[in-house]
Structures are given as structure tokens and as C-alpha cells.
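Student: Number 159 in numbering that gives the first Met the number 0 belongs to position 160 of the sequence shown; there are no gaps in the numbering.
Even glycine gets a Cβ: it sits at the ideal position worked out from N, Cα and C.
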Amino acid sequence: MSIRKNAAKKIALFVFIIGIFQFADAGYSMTPLITILEPSKNITSAEVVIKFEKGDAKVPVAVELKVKGREVSRDGLKLLYPEDKGADNFVVYPAQIVLLPGESQRVQIKWVGEAIPKKEIAYGLIAEQAPVKLGDEENARIKAEGRLIMLLRYEGVVVVRPADVRPNTVVDSVGTKVDSVGATRLVLVFSNKGTALQKFSGMTLHVTPLDKNNKMIINKSVEYKPVLNPDQTKHSIFAGFSRKIDVAWPDKLSVGPVKVSVEFETEK
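#1: Quick one: Cα of Gln21 to Cα of Pro59, how far?
#2: Taking only three categories from DSSP, how would you classify Ala143?
#3: In chain order, what residues of the same chain have a beta carbon less than 8 Å from the beta carbon of Tyr92, not counting five sequence neighbours either side?
#4: Would Arg140 be called buried (16 or more neighbouring beta carbons within 10 Å of its own) or exposed?
#5: Considering only the alpha carbon of each residue, which of Val158, Lys198, Phe240, Phe199 lies closest to Lys67?
#6: Please state whether DSSP places Asp230 in a helix, a strand or coil.
#7: Give the straight-line distance between the Cα atoms of Gly239 and Pro166, rounded to the nearest whole angstrom.
#8: Would you report the Cα separation of Arg73 and Lys243, rounded to the nearest angstrom?
#9: Can you list the beta strand (DSSP E) stretches of 3 or more residues lying completely in the segment 64–97, in chain order?
#10: In this structure, does DSSP put Pro208 in helix, strand or coil?
#11: Just the Cα atoms here: how many angstroms apart are Leu78 and Val111?
#12: When you compare each of Ser260, Asp230, Lys117, Lys176 to Leu207 by their alpha carbons, which one comes out closest?
#13: Could you give the DSSP three-state label for Ser235: helix, strand or coil?
#14: Is the segment 197–207 in contact with the segment 217–225, if contact means three or more CB pairs nearer than 8 Å?
#15: Which of the three DSSP states is assigned to Ile115 in this structure?
#16: How is Lys192 classed by DSSP in three states: helix, strand or coil?
#17: Compare the beta carbon distance of Arg184 and Asp245 with 7 Å and say whether it is the shorter of the two.
#18: Tell me whether Glu113 is buried or exposed, calling it buried when 16 or more other Cβ atoms sit within 10 Å of its Cβ.
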């Protein structure tokens with residue numbers, strides 16, 4: 000009997016905990032998520048729209064917008080937002096907004112830098128929700144009540160693009176690794192030495208085996224179009240950055256020392 004009572008108490012406590020927590024509806028959106036500014040064409044400003052969907056929300060939502068530095072980790076899996084003095088070249092207006100359910104607000108992003116950069120640069124446009132309390136809202140509650148507040152954060156991109164930029168992506172290093180099933184994979188480090196971003200779509204590798212004297216065996220070179228997963232193609236390589244990926248070893252080549260070059264389809 001005591002076991003049943005203890006179980007009943009645990010269930011009752013669980014239901015009570017669930018019952019006293021409410022989820023704050025934070026259904027707002029930011030569009031577009033990608034903004035391109037071209038100072039050389041006098042395109043120095045653009046607008047994004049912050050919209051607060053009605054949903055079940057009954058209180059306003061406060062959103063703060065700011066421009067920050069933006070980098071992609073070398074493996075392409077993480078976005079980093081370091082402090083960057085270049086972000087001081089932007090004016091965001093209004094930078095802080097409060098919206099009622101169903102309202103929207105246009106926000107201007109303006110480039111005010113004195114010098115046009117020599118290469119494409121990406122910055123992060125962060126729209127972050129802040130908690131809002133109205134008057135003595137907490138004191139007015141008759142019963143004890145907890146709230147689990149989920150604050151949304153949108154991470155957009157602002158690209159500053161000078162004129163006549165082009166990517167120049169090369170293979171910096173070649174290596175191998177053995178995966179969890181014992182298969183050898185080709186590990187490549189790419190570096191963008193150009194002035195424009197490089198997308199990974201349409202990538203073709205030229206893989207040439209090396210002899211014992213480290214010379215290329217040209218007649219055994221193969222053209223290889225590896226299958227890339229979404230994580231590998233999600234983020235472009237911006238000028239001055241590198242990216243490390245691994246792909247399946249080419250079927251037509253035996254595992255061994257190789258030299259690899261790369262080319263990409265030209266965007267129309």
C-alpha cells in the first residue's frame with residue numbers, strides 16, 4: 000500500500016509542476032535573413048521586417064537588433080560572432096522595438112563606412128528577444144505560478160560586396176582518415192584566396208596519385224565529384240577563410256598519396 004501511495008504522490012507532484020509552468024509565446028519573425036549591400040553601386044541600406052505573429056500571445060514582445068562580426072568554424076558546423084570593429088560601420092534604426100501581437104516593424108540597416116572593403120565581408124545581424132514585464136504583473140498573481148520563458152534569437156547575414164569580386168578557392172592540404180566502419184576518407188582543407196565568397200555546390204576534384212618520388216602520375220588522374228552532405232554545403236567560404244571537409248575516397252583510385260586540385264561551376 001505504501002508503494003502505491005508513494006507512486007501516487009510522485010504522479011501528483013509531477014502534474015503540479017507541469018501545471019504551474021506556462022510557456023511564453025515568442026512567435027516573431029525576421030525577414031529577409033540575408034541582406035546584400037553594394038556600396039560601389041550606392042546600395043548602402045536595406046530593410047528587414049520584424050513581425051510579431053498573433054498566436055496566443057497577450058503581451059508585447061521586445062526585440063533588440065545589432066550587427067556583429069561573423070565567422071564560420073573551420074569544419075563549417077558552427078557560426079561564431081566575435082567582436083569586430085567593422086560592425087561599427089553599420090547603423091541599425093530602430094535598434095530596439097516593442098511590438099504588440101499582430102504588429103510588424105521595418106528596421107533599416109545602413110552601411111556608413113568611409114572606405115569600401117576590397118573583398119566581400121559577412122556580418123551577423125542578430126535579432127534577440129528581451130523579456131518584458133508589465134507593471135506589477137508578478138505581484139498581481141493570486142496563486143503561485145512559474146513560467147518557462149523561451150526567448151527567440153534570429154541570426155541573419157549582412158554581406159558588404161564591393162565591385163568586381165571573384166572567389167579563388169584552392170586545396171591547401173590533403174590527408175586521410177578512417178571512419179567508424181573502417182573506410183578511408185579523403186580529408187581536404189580549402190582556402191579562399193580570392194575576393195568573393197565561394198559556394199560548395201558544383202564542386203569537381205581532380206585527384207592525381209603520386210609515385211614514391213612524390214611525382215604526379217598524370218595518366219592515372221581522375222575527375223571526381225564527391226557527394227557532400229547538407230552540413231558541408233550550408234555555409235560558403237568567404238574570402239580569406241578556410242574550410243576542412245572529408246569525402247569518400249574516389250572509387251577509381253587505390254588509397255595512397257595524392258595531389259588534389261578543385262574547380263567549381265560558374266554561377267550564371
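Tutor: Reading off the structure:
#1: The sequence position of residue 21 within the sequence shown is 22, counting from 1. The sequence position of residue 59 within the sequence shown is 60, counting from 1. Reliability fails at Gln21, whose pLDDT of 37 lies under 50, so the model's placement of it is uncertain and the value that follows must be treated cautiously. Answer to the nearest angstrom: the Cα atoms are 16 Å apart.
#2: Within the sequence shown, the letter at position 144 stands for residue 143. Because Ala143 sits at a pLDDT of 48, beneath the cut-off of 50, its placement in the model cannot be relied upon, and the following sentence gives the value as read from the coordinates. It is coil, neither helix nor strand.
#3: If you number the sequence shown from 1, residue 92 lands on position 93. These residues qualify, in order along the chain: Val106, Gln107, Lys109.
#4: Stepping through the sequence shown from its first residue, residue 140 is reached at position 141. Residue placement at Arg140 is flagged as unreliable, the pLDDT there being 48, under the threshold of 50; the coordinate-derived value follows with that caveat. Arg140 is exposed by the Cβ-count criterion.
#5: As a first step, residue 67 is located in the sequence shown; it is residue number 68 there, counting from the start. Of the candidates Val158, Lys198, Phe240, Phe199, the one whose C-alpha sits nearest the C-alpha of Lys67 is Val158.
#6: The residue labelled residue 230 in the question sits at position 231 within the sequence shown. The DSSP-derived three-state label of Asp230 is helix.
#7: As a working note, residue 239 is residue 240 in the sequence shown. As a working note, residue 166 is residue 167 in the sequence shown. Computed Cα separation, rounded: 10 Å.
#8: Along the sequence shown, one-based indexing puts residue 73 at 74. Along the sequence shown, one-based indexing puts residue 243 at 244. Taking the straight line joining both Cα atoms gives about 6 Å.
#9: For the segment 64–97, whole beta strand (DSSP E) runs of length 3 or above, ordered along the chain, are 89–92.
#10: Locating residue 208 in the sequence shown gives position 209, where the first residue counts as 1. Pro208 falls in the strand class under three-state DSSP.
#11: Taking the first residue of the sequence shown as position 1, residue 78 is located at position 79. Taking the first residue of the sequence shown as position 1, residue 111 is located at position 112. Approximately 25 Å, taken between the alpha carbons.
#12: For the purposes of this step, residue 207 is identified with residue 208 of the sequence shown, where counting begins at 1. A small fix is needed here, since residue 207 is Thr in this sequence, not Leu. Nearest of Ser260, Asp230, Lys117, Lys176 to Thr207, Cα basis: Ser260.
#13: Looking up residue 235 in the sequence shown gives position 236. Ser235: coil per DSSP, three-state reduction.
#14: In short, these stretches touch, since the Cβ pair count reaches three.
#15: Looking up residue 115 in the sequence shown gives position 116. Ile115 falls in the coil class under three-state DSSP.
#16: Residue numbering aside, residue 192 sits at position 193 when the sequence shown is read from its first letter. Per DSSP, reduced to three states, the secondary structure at Lys192 is coil, with no helix or strand assignment.
#17: Mapped onto the sequence shown, residue 184 falls at position 185. Mapped onto the sequence shown, residue 245 falls at position 246. Cβ distance < 7 Å, so Arg184 and Asp245 count as in contact.
#18: Numbered from its first residue, the sequence shown carries residue 113 at position 114. Result: exposed.
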